[in-house]
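Here's the structure, in structure tokens; my notes come after.
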Amino acid sequence: MNGKRPLADALRRSIIDGEFAPGSRLSETALTEHFAVSRNTLREAFRVLAEQGLVEHIPNRGVSVAAPDIADVIDIYRARRAIECSALRQSEPEHPAVHLMQDALATAEQKLPQEDWQAVANANMAFHEAIVDLADSPRLARTYRDLAAELRLVFLEIDDPRALHEPFVRRNRAVVDTLLGDGPDAAAELLEGYLIVSERVVLGAFARMGRD
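This is the structure in structure tokens:
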């Protein structure tokens, strides 16, 4: 593997797929051998991931996967509401990204009876990324990509995928139907309430786990 960016992307995928648990230490020796890269290349990749909020350097302990806390959850959802609701409120129902929303929703609805929670989670995330695509802003899309990766870390901390994902498939359906039926303002208002509920679900799970 050549270059810090491909390595950072590969590590990013491993982290958000749950191959490294939040809070777990990342061994430089093991990773340089696994990816056949130098320590300098690995450290540059760590720097990129630290800027994205996915890893953190702890003095005398090395680099670990970030473990979001309650303050992180609140900030992530604050940013989500600002980005997603604004993109939806200013959208047009004829925008091509609406078809991406519908495709992601159809995938989630298909996987739901099978209780394939990883597939449902991926489809739900694709649905929200498509909402951001309504804004036609590459910068917002990049920002949201990093935000979504941090959100994945939050979800990895919670061992209840049904509660995290099942109810929100139906809410995604309601957002799409409202957008096409009543327009962007009504859909954005619905989405804002939806994200508040989602935040409460996550914060409740953290409270039960005794997380600060």
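Quick note on numbering: the sequence shown equals residues 1 to 212 in full-length UniProt numbering. No residue lacks a Cβ here, since even glycine has one placed at the ideal position from N, Cα and C.
Exercise. Could you pull out every residue in the same chain whose Cβ sits closer than 6 Å to the Cβ of Arg152, ignoring the five residues on either side in sequence?
Key: Ile16
Exercise. May I have the straight-line CA-CA distance separating His34 from Gly183, to the nearest angstrom?
Key: 50 Å
Quiz item: Does the pairing of the region 142-150 with the region 194-201 give three or more beta-carbon distances under 8 Å?
Solution: With the cut-off at 8 Å, the region 142-150 and the region 194-201 do not touch.
Practice problem: Assign Thr41 to buried or exposed, taking buried as 16 or more other Cβ atoms, counted over all protein chains shown, within 10 Å of its Cβ. | Solution: buried
Quiz item: Do the CB positions of Ala135 and Ala87 come within less than 7 Å of each other?
Solution: Yes, Cβ-Cβ distance for Ala135 and Ala87 is below 7 Å.
Quiz item: Excluding five sequence neighbours on each side, which residues of the same chain lie with their C-beta closer than 7 Å to the C-beta of Leu105?
Solution: Result list for Leu105: Phe127, Asn172, Arg173 and Val176, in chain order.
Practice problem: Give the range of the alpha helix (DSSP H) segment to which His34 is assigned. | Solution: Glu28 to Phe35
Quiz item: If you draw a straight line from the alpha carbon of Ala8 to that of Phe155, how long is it in whole angstroms?
Solution: 21 Å
Quiz prompt | Rounded C-alpha distance that separates Ile76 from Asp159 | solution = 19 Å
Quiz item: Quick one: is Asp133 buried, meaning 16 or more other Cβ sit within 10 Å of its Cβ, or exposed?
Solution: buried
Practice problem: With DSSP as the reference, label Glu150 as helix, strand or coil. | Solution: helix
Quiz item: Which parts of the region 148-184 are runs of the beta strand (DSSP E), unbroken and 3 residues or longer, counting only runs that do not cross its ends?
Solution: none
Quiz item: Any idea what DSSP makes of Arg43, helix, strand or coil?
Solution: helix
Exercise. For Asn60, count neighbouring Cβ atoms within 10 angstroms of its own Cβ and tell me buried if that reaches 16, exposed if not.
Key: exposed
Quiz item: Leaving out the 5 sequence neighbours to the left and right, which residues in its chain are closer than 7 Å to Ala66 when beta-carbon positions are compared?
Solution: Correct list, in chain order: Pro22, Gly53, Leu54, Val55, Glu56 and Leu153.
Quiz item: Buried or exposed: which applies to Met101, given that a residue is buried once 16 or more other Cβ atoms fall within 10 Å of its Cβ?
Solution: Under this definition Met101 is a buried residue.
Quiz item: From the DSSP output, which residues share a beta bridge with His57?
Solution: Val63
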